Structure formats: structure tokens, C-alpha cells
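This report concerns only the one structure given below.
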Amino acid sequence: MKKIINIAEKAGLDGFLLALISMIGLAYVYPYPGMKSSPVPLGEIATYGVSVIFFFYGLRLSPEKLKAGLTNWRLHAMIHFSTFVLFPLLALAVRPLFKGSENELLWLSIFFLTTLPSTVSSSVVMVSIANGNIPAAIFNASISSLMGVFITPLWMGLVLDNASGEYDLPGVVGKLSLQVILPVGLGILMNKSWGAFAEKYKSKIRYFDQFTILLIVYTSFCESFGEHLFSGFKMRDIVFLGIGMVALFFSIYLLLSFFSRILHFSREDEITAVFCGSKKSLIQGAVMSKVLFSGASYAGIMLLPIMLYHALQLIAASVLAQRMARKNLEIAGSE
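Residue numbers (this note's numbering): 321 to 655.
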């Protein structure tokens, strides 16, 4: 149990998860400061914070790391196919089960989750623990974040266009490019000068990342609670949603394991595929929600599945990574 707790702490599960829950509670008790009518523009502050997050991310992403990961194209193709195609197709397959206006909104939030890119830090941590292909994990997680700027809005445009003719795809991509691509690009250009600094203080920079995400979560739920959008949801609905998130994670995990064996991947590449291809990014979810659902009172509902998935994927992946690490030791010992 201590080992699992240590792994969870490395992945950022402990204090951050409690802080996320606290932000929801604070938004429920005291929503006014995070609403658009508040004199303090917390939402705008969070927007600028997002750009700073991705600038520091770019500082730590050297061009050499990107070039080193280009060769293993079959592994990359499968991970990105899982992240941006397989996930959304599973969500579309279960759409008929969500009938009624409230259930349709819940399905939309689940679909939003499935279109998001993979997470960076925890993917690499889990691959490292399980003794997978770490350079490939860094490459795929990094590229996934950049691809998501274009692919997530495209997927969301398919369903939002049906519900409303006001979805502005070029405008969404433009905003995300300014918030994500431009800061990352600037960071990469400054990697030689400041990359070592960003790497040295990455643990402190991470606190800023987490504070920004907490601010986004707080302001999003303030609007939802202020408009009483959760009044139709019961605790039973949240429990069922959590069970659904666990089922989604293991469905993707098992499918990736199956296809990895069909394609005769090495054990290291299979580990990388199952962990990078089954993850979803809470940071990107928070960023995308601010742009895709800007001004919408239901932004908090859009973040609910990704918050649940974020917590549950870390717990499940921690256990699986530890099991794989023990198996690798057993294999090495028998040789």
C-alpha cells in the first residue's frame, strides 16, 4: 500500500485531488467571486495563467527530444488513433443511452472528455515506473497536447453544430493557438537559454500549474452552481458516472493491449502504448472548456467527467504500473 501511495503522490494524486474537491465545495458555498458579475476577473486571470503554463512547458521541451521520437511511427500512430479516434467513437456508440435534455448535456461532457489529448506528466511517470519506452512516451504525450488544439475543436464542432449553429471553429482554433501553440513555440525557441532553469525548478512551476487549474475549476463551477444546473443531478448519477469512467479506462487499456500484441510490439512499446493511449489531460480539459464553452453556465458540468477520469486513471494506472514493474523484475530474474 505504501508503494501505491508513493506512486500516486508522484503522479500528483494526493493533495491536488483534495484541492480540486475543495474548489467544488467552495464554489457551491460561495459562488459569487467566480461568476462573471464579480468585480474581480478571476476567469481572465486563469486565462493568462494557462498561457504561462504552456510557455514553461515549451521551455522544457527541447527540439532534440522531438526529433528522437520520430522513428517509431507504428507506436505513435496507435497511441494517437486511440486518443483522438477510438475514445470519441466509444462515446458516440453509447449516445443513444442518454435521452432527455439533462442526460444529453451529461453525454456532451463525456464526449468532450473523449476528444481531449493525452496528459504529459503522469503518462511519462507511469511508463517510467513500468519500465516502458520513456523517450517515446515523452514524444507522444508532447505531440498529443499540440494536436489536441486542432482535433478537439473539430470533434466538438460535429456535435455542437447539431445543437447550435453558433459554433465558430476557426475562432476556437485561433484562440487555442494563441493560448497554447504560441506560448509553447516561444518556450521551445528559448529552450537553449532557459531550458535548464525550467527543468531545475519544475517542481515549483508545477505548483503554479495546479493553482491555475484550481482557479479554472472554481470559476467554472461557480457559474454552474449559480445557475442551479446541478439541481437535477443526484449522488447516484455521480457514482454511475464514476463507474462509467472506470469502464472507459479499462476498455481502452484492454483494446490497446490486444492490438499491441497483434502488431508484435516489444514489451516496452506495449507499456508505452497502454499508458499514453489511455490517458486524458485535465489541464487541456480546463483550457479547452474556457474557449469552447466561454460564457456558458454549464462549464462546470463539462469538467465533471474529466475530473473523475483524472483521479480514477491515476489510481488504476498506478496499480497497473506497479504490477508491470514487478513482472519485469520477475522476467529479468528468470533470464
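Cβ atoms here follow ideal geometry from the backbone N, Cα and C, with glycine treated the same way.
This one's a predicted model, so the numbers in the text were calculated from it and none came from an experiment.
*Of the residues Val479, Asn392, Gly369 and Val349, the one placed nearest Asn453, counting alpha carbons only*: Nearest of Val479, Asn392, Gly369 and Val349 to Asn453, Cα basis: Asn392.
*Compare the beta carbon distance of Thr435 and Pro408 with 8 angstroms and say whether it is the shorter of the two.*
In contact: Thr435 and Pro408 (Cβ atoms closer than 8 angstroms).
*CB Val492 to CB Val611, shorter than 8 angstroms?*
Yes. Within cutoff.
*Within its chain, find whatever has a CB closer than 7 angstroms to the CB of Lys522; leave out the 5 residues flanking it on each side and keep chain order.*
Only Arg380 meet the Cβ criterion.
*Over the uninterrupted alpha helix (DSSP H) stretch that includes Ala593, give me the two end residues.*
From DSSP, the alpha helix (DSSP H) with Ala593 extends over Arg587 to Cys596.
*For Pro353, name the three-state secondary structure that DSSP assigns.*
Of the three classes helix, strand and coil, the one that applies to Pro353 here is helix, per DSSP.
*Please report the residue range of the alpha helix (DSSP H) in which Met510 lies.*
Looking at the DSSP string, Met510 is not in any alpha helix (DSSP H), and its letter there is neither H nor E.
*Helix or strand or just coil, what does DSSP make of Thr539?*
Helix.
*Using only alpha-carbon positions, find the residue among Gln499, Leu346, His584 and Ile365 that is nearest to Arg394.*
Ranking the options by Cα distance to Arg394, first place goes to His584.
*Apart from the five residues just before and just after Ser443, which ones in its own chain have a Cβ nearer than 7 angstroms to its Cβ?*
Short of 7 angstroms from the beta carbon of Ser443, and not among the five residues preceding or following it, lie these beta carbons of its own chain, in chain order: Ala457, Ala461, Phe595, Cys596 and Lys599.
*Please state if the CB of Ala636 and the CB of Val559 are separated by a distance shorter than 8 angstroms.*
Val559 places its beta carbon 8 angstroms or farther from that of Ala636.
*Return yes when the Cβ of Phe404 is within less than 8 angstroms of the Cβ of Ile471, no when it is not.*
Contact annotation: Ile471 and Phe404 have beta-carbon atoms nearer than 8 angstroms.
*Under three-state DSSP, which class holds Tyr618?*
It is coil, neither helix nor strand.
_Helix, strand or coil for His662? Go by DSSP, reduced to three states._
Any question about residue 662 goes unanswered here, given that the chain covers just 321 to 655.
*Answer with buried or exposed for Pro416, where buried requires no fewer than 16 other C-beta atoms within 10 angstroms of its C-beta.*
Burial call: exposed.
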